[in-house]
Every structure is written in structure tokens, then in C-alpha cells.
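Be aware that the sequence shown starts at 4, since it is given in the working numbering, and climbs by one per residue. Only one structure is covered here, and it is reproduced in the block below.
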Amino acid sequence: MKGSFVIGKIKGIEIEINLSWLVIFGLITFMMATNFFPQNYPELSSIMGWILGSIIAVLMLLSILLHELSHSIVSIKQGIDVKKITLFIFGGIAQMDKEPDNPIQELKIALAGPAMSLLLFVIFTLIFNLLTYLRVESYIIAPLIYVSSVNLIIVLFNMVPAFPLDGGRVLRALIWHFQGSLLKATRITSSLGKIFGYLLVFLGLYVVFMGNALNGIWFVFIGWFIKQLSESSYQNTVMTDLFTKIKVSTFMSKNVISVGSHISIEALVENYFYKFKYTSFPVIDSDKVIGMVTVENIKTLNREEWNRTIIRNLITPISDDLIVHPQNNVSVAIKKIFQNGIGRVLVMDGEAIIGIVSRTDILNYIRIHSQLEE
Ligand SMILES: [Zn+2]
Numbered sequence: 004m005k006g007s008f009v010i011g012k013i014k015g016i017e018i019e020i021n022l023s024w025l026v027i028f029g030l031i032t033f034m035m036a037t038n039f040f041p042q043n044y045p046e047l048s049s050i051m052g053w054i055l056g057s058i059i060a061v062l063m064l065l066s067i068l069l070h071e072l073s074h075s076i077v078s079i080k081q082g083i084d085v086k087k088i089t090l091f092i093f094g095g096i097a098q099m100d101k102e103p104d105n106p107i108q109e110l111k112i113a114l115a116g117p118a119m120s121l122l123l124f125v126i127f128t129l130i131f132n133l134l135t136y137l138r139v140e141s142y143i144i145a146p147l148i149y150v151s152s153v154n155l156i157i158v159l160f161n162m163v164p165a166f167p168l169d170g171g172r173v174l175r176a177l178i179w180h181f182q183g184s185l186l187k188a189t190r191i192t193s194s195l196g197k198i199f200g201y202l203l204v205f206l207g208l209y210v211v212f213m214g215n216a217l218n219g220i221w222f223v224f225i226g227w228f229i230k231q232l233s234e235s236s237y238q239n240t241v242m243t244d245l246f247t248k249i250k251v252s253t254f255m256s257k258n259v260i261s262v263g264s265h266i267s268i269e270a271l272v273e274n275y276f277y278k279f280k281y282t283s284f285p286v287i288d289s290d291k292v293i294g295m296v297t298v299e300n301i302k303t304l305n306r307e308e309w310n311r312t313i314i315r316n317l318i319t320p321i322s323d324d325l326i327v328h329p330q331n332n333v334s335v336a337i338k339k340i341f342q343n344g345i346g347r348v349l350v351m352d353g354e355a356i357i358g359i360v361s362r363t364d365i366l367n368y369i370r371i372h373s374q375l376e377e
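Below, the structure is given as C-alpha cells:
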């Protein structure tokens with residue numbers, strides 16, 4: 004996510020905080036220090052209010068992080084890798100490598116987060132009760148009861164059956180399991196997601212008109228965010244479903260233009276890049292593909308060296324994420340295209356290049372499909 008910084012790594016998962024989260028951190032601390040504590044504990048000094056306020060904000064951050072970690076660890080156990088967790092203004096997102104393969108996987112991953120939040124609710128409540136029993140000053144334990152109820156709210160909110168919230172994922176898994184169709188399950192639950200999003204927007208507007216502008220605007224933003232997310236997740240599922248049904252051999256462009264490895268960069272730029280307007284070409288050396296040459300490769304070279312350098316010395320060598328098999332489905336190609344940084348993959352049948360699939364092909368296909376089929 005743009006505007007984020009990494010704060011560490013847990014179990015190989017990068018933990019990243021988006022700057023937008025700092026706004027919330029400041030806001031929570033501010034509200035606690037100027038509102039909650041002065042009203043409930045007037046005897047408390049204002050510095051203490053700020054300290055306790057920021058402790059609440061940190062505990063809330065930790066609660067959301069643990070919720071996402073719980074999703075992630077179960078996901079990794081199910082064989083779906085998680086590279087990164089981002090904490091941002093609306094909570095947290097665990098970046099999963101792919102969608103679950105079956106409803107049981109989805110169910111386990113979806114329930115893991117709310118289960119953790121429920122556990123945190125119980126733990127914070129128990130500690131609160133224990134400290135109350137030990138007669139610890141009530142303002143010191145106030146953060147605990149506050150954060151415990153926040154965790155309960157996280158459980159209740161996330162379990163609303165609106166995709167892509169956790170509850171929506173649970174419902175999607177159940178429909179998927181009993182009806183057998185992921186697409187149908189996603190269509191139903193993401194419509195619920197859209198409805199829930201709009202409901203929050205209207206609720207927010209109502210709250211604004213009732214005089215509580217800050218809370219109201221908050222609801223409007225979250226509602227709108229959920230509405231957008233449910234739409235894009237649905238489209239994602241449709242596309243993934245579509246591209247797993249198409250074979251690379253029928254999707255690829257067949258006229259591949261490759262270059263010999265002994266040509267100079269000067270000639271390559273003039274006779275290939277400017278002529279064909281592609282941003283990369285496969286490179287052939289005695290009838291074998293040895294790699295790709297890209298605009299990025301050429302940018303690493305000074306202009307004076309263009310006529311002294313041959314392509315062979317500048318290529319990105321051939322590797323597994325540059326190649327797909329004609330019998331692979333297009334989603335395999337898409338994954339590699341977005342991973343390899345070159346924006347295209349070569350379709351190889353044994354030693355021979357028989358086609359190419361590029362990012363532009365994929366995006367154009369999506370554009371055409373969404374205009375004709377919606
Ligand atoms: Zn969750």
C-alpha cells in the first residue's frame with residue numbers, strides 16, 4: 004500500500020503500517036485524553052489522560068494486528084502464503100497469495116480472525132476483573148475494559164455476513180460448500196456486502212444530521228469502502244474464475260518477434276523497440292531461448308555504449324517465471340506476469356517459443372469482457 008512503512012516481521016510476514024493509521028492513532032489518543040478521561044475521571048491530570056489514551060491506541064493496534072495474524076497463520080497452514088499485513092485507517096489487511104481452493108479452507112481462515120478477537124475480549128475482561136478485585140485504581144484499568152469492548156465490536160462487525168468481511172467469507176464458504184459454485188456464492192455474498200456498505204453510508208448520513216458529525220462521517224467512509232471492496236472482490240473472483248478456464252494456447256499472441264543475441268543494442272533499439280513498439284523481446288542464441296531483453300535492461304547502459312554492447316551481455320536470463328506451458332491456464336500466466344517484473348511470459352513447447360502473453364493482452368481482455376458481459 005502506498006504511504007506505508009514496515010515495522011517488522013513476524014513468522015516471515017512483513018508488518019506494515021500505513022500513514023493513514025497514524026491519523027486514527029492520533030484521533031483515538033486525542034478523544035481519550037480530551038473527552039473520555041476528563042469526563043469519567045476528572046481528578047486525573049491531563050498528561051495522564053494523554054498517556055492512558057495512547058496506551059489504548061497501542062492496545063487497539065495490537066488487537067487488530069493479532070486478528071490479522073490469526074487469519075494469516077491459519078492461511079499459511081492451509082498452504083496459502085501471506086507476505087504482508089498492512090494496518091491502515093479502516094483496520095488491517097492480510098495479503099494472501101491467492102484465494103482459497105475449497106470452502107473448508109476459506110471457512111477456517113475466515114473464522115480465525117474473529118476467534119482471536121473473541122479470545123482477546125475474554126482475556127482483557129478477565130484481567131480487568133482480576134485487577135478490579137485487587138483494587139487497582141480504576142483509571143489505570145480503564146484502558147483494559149475499553150479495549151476489551153473494542154475487541155467485542157470487532158467480532159460483531161466482522162461477522163456481519165457481508166463479503167469481503169469475515170462473516171461474508173463464512174457465508175460464502177457455506178454457500179460454496181452446499182451449492183458447489185464459488186462464483187454464485189461470491190455473487191450472493193458480495194451483493195450483501197454492497198447492501199451493508201450502503202446501509203452504513205445512510206446510517207452515517209443520519210448520524211451526521213443528528214449532530215454527531217465525526218462518528219457519522221466515519222460510518223460513511225467505512226460503508227463506502229466496504230461497498231467498493233465487495234464490488235472489486237467480486238470482479239476479481241469472476242476474472243480468476245474466467246482465467247482458470249482458458250488455456251494459454253488459445254489466449255496467447257502467436258507471432259512472436261525474437262532477436263539474435265549478437266546484435267548491438269544500437270540496432271536493437273532502432274530495428275526492434277522503435278519498429279515493433281514492444282517493451283521486451285525474447286533473445287535467441289543458436290536456436291535456443293536464453294532470456295529476455297527489456298527497455299529496463301537498456302536503461303542501465305550509457306548511450307555511448309549502445310553500439311559497443313551486444314544483447315547477450317544485457318539480458319534477463321531465462322527462468323521459470325518467464326515461461327508458461329501452452330496447456331497451463333491463463334491464471335498461471337497472470338501470476339508470473341505480475342511476479343517477474345517484465346510484464347510478459349513466453350509460451351514454450353519444449354525448446355520452441357510458440358507464443359507470448361503480455362500484461363496488455365490481459366488488461367485488454369478484461370476491458371472487452373467487462374463491456375460485453377456485464
Ligand atoms: Zn478478519
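For every residue, glycine included, the Cβ atom is placed at its ideal position computed from N, Cα and C.
C-beta atoms of residue i and residue j nearer than 9 Å
i: phenylalanine 93; j: phenylalanine 224; result: yes
i: leucine 349; j: isoleucine 359; result: yes
i: aspartate 364; j: serine 252; result: no
i: serine 361; j: arginine 347; result: yes
i: phenylalanine 199; j: leucine 155; result: no
i: glycine 95; j: isoleucine 67; result: yes
i: isoleucine 293; j: serine 264; result: yes
i: leucine 90; j: tryptophan 24; result: yes
i: lysine 250; j: asparagine 343; result: no
i: isoleucine 345; j: threonine 303; result: no
i: proline 146; j: leucine 62; result: yes
Three-way DSSP call (helix, strand, coil) for residue i in this model
i: isoleucine 313; result: strand
i: methionine 35; result: helix
i: threonine 89; result: strand
i: serine 267; result: strand
i: glutamine 182; result: helix
i: glutamate 234; result: helix
i: glutamate 19; result: strand
i: asparagine 105; result: coil
i: glutamine 81; result: coil
i: threonine 282; result: coil
i: methionine 63; result: helix
i: phenylalanine 8; result: strand
i: leucine 168; result: coil
i: valine 360; result: strand
i: aspartate 323; result: helix
i: valine 259; result: coil
i: isoleucine 318; result: coil
i: glycine 294; result: strand
i: lysine 250; result: strand
i: leucine 133; result: helix
i: arginine 138; result: coil
i: asparagine 215; result: coil
i: glutamine 330; result: coil
i: aspartate 402; result: This structure cannot speak to residue 402, because the chain is shown only from 4 to 377.
i: glycine 94; result: strand
i: isoleucine 287; result: strand
i: isoleucine 13; result: strand
Whole-number beta carbon distance between residue j and residue i, since they are thought to touch under 8 Å
i: threonine 247; j: serine 334; result: 5 Å
i: lysine 87; j: glutamate 19; result: 6 Å
i: asparagine 300; j: threonine 319; result: 6 Å
i: proline 106; j: tryptophan 179; result: 4 Å
i: phenylalanine 222; j: leucine 203; result: 5 Å
i: isoleucine 356; j: serine 289; result: The pair is not a contact, with the Cβ atoms about 14 Å apart (cut-off 8 Å).
i: isoleucine 83; j: lysine 101; result: 6 Å
i: alanine 188; j: glutamine 182; result: 7 Å
i: phenylalanine 166; j: serine 236; result: 6 Å
i: isoleucine 157; j: histidine 70; result: 6 Å
Buried or exposed (CB count within 10 angstroms, at least 16 for buried), residue i
i: arginine 172; result: buried
i: leucine 185; result: buried
i: tyrosine 1; result: Any property of residue 1 remains undetermined from this structure, which presents the chain solely from 4 to 377.
i: isoleucine 50; result: exposed
i: lysine 230; result: buried
i: serine 48; result: exposed
i: serine 46; result: Note that residue 46 is glutamate in the sequence shown, not serine. Exposed: under 16 other Cβ atoms inside 10 Å.
i: methionine 119; result: buried
i: glycine 52; result: buried
i: leucine 375; result: exposed
i: methionine 336; result: Note on residue identity: the sequence assigns alanine, not methionine, to residue 336. Buried.
i: methionine 213; result: exposed
i: leucine 325; result: buried
Three or more C-beta pairs below 8 Å linking the region 237-245 and the region 273-293: Not touching, per the Cβ criterion.
Cβ contact (3+ pairs, closer than 8 Å) linking the region 104-113 and the region 64-81: Counting C-beta pairs with one atom in each stretch, the region 104-113 and the region 64-81 have three or more that are closer than 8 Å, which means they touch.
Segment contact flag, the region 299-315 with the region 266-285, C-beta cutoff 8 Å, min 3 pairs: Taking 8 Å as the limit for Cβ pairs, the verdict is that the region 266-285 does touch the region 299-315.
Inter-stretch contact (C-beta, 8 Å, three-pair minimum) for the region 49-56 and the region 30-37: Taking a contact to require three or more Cβ pairs closer than 8 Å, the region 49-56 and the region 30-37 qualify as touching.
Stretch pair the region 121-138 + the region 147-164: three plus CB contacts closer than 8 Å: Contact annotation: the region 121-138 touches the region 147-164, with at least three C-beta pairs closer than 8 Å.
Stretch pair the region 186-206 + the region 129-139: three plus CB contacts closer than 8 Å: Result no; under three Cβ-Cβ pairs closer than 8 Å.
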